[in-house]
Amino acid sequence: MIRTGCASMIRMPLAQRCSVLNRTFASAAAAQNSEGHFLLILGKPGGGKGTISGKILKDFPMFRHLSTGDVLRQHVMNGTDIGLQAKEYMDSGELVPDSLMIRIVMEDTNAAMKSGDSLLLDGFPRTKEQAVALDKELDVDLVINLCVPTETIVERISDRWIHSPSGRVYSYSYKPPKVKGKDDITGEDLVQRDDDRPECVRNRLMRYDEVTSPLVDYYDAKGVLKTFHGTMSDKIYPEVNTWLDEKLQ
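Take the sequence shown: its position 216, counted from the start at 1, is 253 in my numbering, and no numbers get skipped.
Quick look at the structure:
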């Protein structure tokens, strides 16, 4: 018995059959030979990393999002071996060691490397030391560095007000509440987190620069980093899109 698809091909003219087969074999070869990419986005807190990441995931569906923070929390919640080890450090107020974080990252990336998938890494590496250690396991070949002026971020974050019970975020600059100081849904008071106040934001950004500058230099020296300057994600992203499209050709 001939399957419907096969019967349809048999009824095709010879030239058309050859064309279909050639396209099929070409696609299969491309899939077999394709190698996944590992993309990292660097940038100050409040600098638009989340917005840019979301746009990339939408426009480049070849990428899967890997948030090391989410994966870590999942391991802890599920009580896995890695999760139990990490929980000991977290409960004592210590940072989870780089070696353990790399094991967590590799849990997902091993499967991606085998299938040729591409990953957008979120939250790791954060330091040059972590990057050097991660390089022993996989090759981060695309790094986007978002360079947004410090004062722009200070204004953006210090203008942020939150409805604590729901986590809804408002900004008087671009997403104001309907009633000043009140949540749109419940009418409850909005609050500003202590670490969103201007002096706290500046200190946080200064610490970020101290830790991340060597990481930026490291990837820049490897020739895999591109820095994008600007103040608004909507204006920066078209440049990011063009660069990424060229790199993935």
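No residue lacks a Cβ here, since even glycine has one placed at the ideal position from N, Cα and C.
Extent of the continuous beta strand (DSSP E) run through residue i
{"i": "Gly80", "result": "Phe75 to Gly80"}
{"i": "Lys263", "result": "Leu262 to His266"}
{"i": "Asp159", "result": "Ser155 to Asp159"}
{"i": "Ser90", "result": "Note, Ser90: premise wrong, no beta strand (DSSP E); alpha helix (DSSP H) at Lys86 to Asp96."}
{"i": "Leu183", "result": "Leu179 to Cys184"}
{"i": "Val216", "result": "That residue, Val216, is in no beta strand (DSSP E); it is neither H nor E in DSSP."}
{"i": "Tyr207", "result": "Arg205 to Ser208"}
Residue range of the alpha helix (DSSP H) that includes residue i
{"i": "Val108", "result": "Thr105 to Asn115"}
{"i": "Ile190", "result": "Thr187 to Ser195"}
{"i": "Arg140", "result": "Asp135 to Ser152"}
{"i": "Tyr274", "result": "Ser270 to Lys284"}
{"i": "Glu174", "result": "Where Glu174 is concerned, there is no enclosing alpha helix (DSSP H), given that its DSSP letter is neither H nor E."}
{"i": "Met99", "result": "That residue, Met99, is in no alpha helix (DSSP H); it is neither H nor E in DSSP."}
{"i": "Glu298", "result": "The structure shown has nothing for residue 298, since the chain only spans 38 to 286."}
When the options are compared against residue i, the one with the closest alpha-carbon
{"i": "Pro275", "options": "Leu79, Ser90, Phe75 and Tyr255", "result": "Ser90"}
{"i": "Ser210", "options": "Asp196, Ser203, Val216 and Leu242", "result": "Asp196"}
{"i": "Leu157", "options": "Gly260, Ser208, Lys263 and Gly73", "result": "Gly73"}
{"i": "Asp5", "options": "Val261, Glu283 and Val277", "result": "Since the first and last residues shown for the chain are 38 and 286, residue 5 lies out of range."}
Cutoff 7 Å; reference residue i; Cβ partners in own chain excluding five residues on either side
{"i": "Gly267", "result": "Val185 and Ile273"}
{"i": "Arg193", "result": "Gly83"}
{"i": "Ser45", "result": "Because Ser45 sits at a pLDDT of 43, beneath the cut-off of 50, its placement in the model cannot be relied upon, and the point is left open."}
{"i": "His112", "result": "Ile119, Gly120, Ala123 and Ile141"}
Residue j beta carbon less than 7 Å from that of residue i
{"i": "Ala123", "j": "Leu109", "result": "yes"}
{"i": "Gly85", "j": "Ser270", "result": "yes"}
{"i": "Val191", "j": "Val248", "result": "no"}
{"i": "Met99", "j": "Ser155", "result": "yes"}
{"i": "Asn182", "j": "Leu79", "result": "yes"}
{"i": "Glu166", "j": "Met143", "result": "no"}
{"i": "Ala160", "j": "Thr105", "result": "The sequence as given places Gly at residue 160; Ala does not occur at that position. Yes, Cβ-Cβ distance for Gly160 and Thr105 is below 7 Å."}
{"i": "Thr164", "j": "Leu252", "result": "yes"}
{"i": "His200", "j": "Asp220", "result": "yes"}
Contacts around residue i, its chain only, beta-carbon distance under 6 Å, and the 5 residues preceding and following it disregarded
{"i": "Pro162", "result": "Ala168 and Leu171"}
{"i": "Pro202", "result": "none"}
{"i": "Val180", "result": "Leu77, Tyr256, Val261 and Leu262"}
Contacting residues, own chain, Cβ-Cβ under 8 Å from residue i (five flanking each side not counted)
{"i": "Thr187", "result": "Lys81, Arg239 and Leu242"}
{"i": "Trp198", "result": "Val206, Tyr207, Ser208, Tyr209, Pro214, Gly218, Leu227, Val228 and Gln229"}
Short CB-CB distance (under 7 Å) between residue i and chain D
{"i": "Asn182", "result": "Annotation note: the requested chain D is absent from the structure, which comprises a single protein chain."}
**OP:** Counting only runs of 3+ residues fully inside the segment 218 to 267, write out the beta strand (DSSP E) ranges in chain order.
**Re:** 262 to 266
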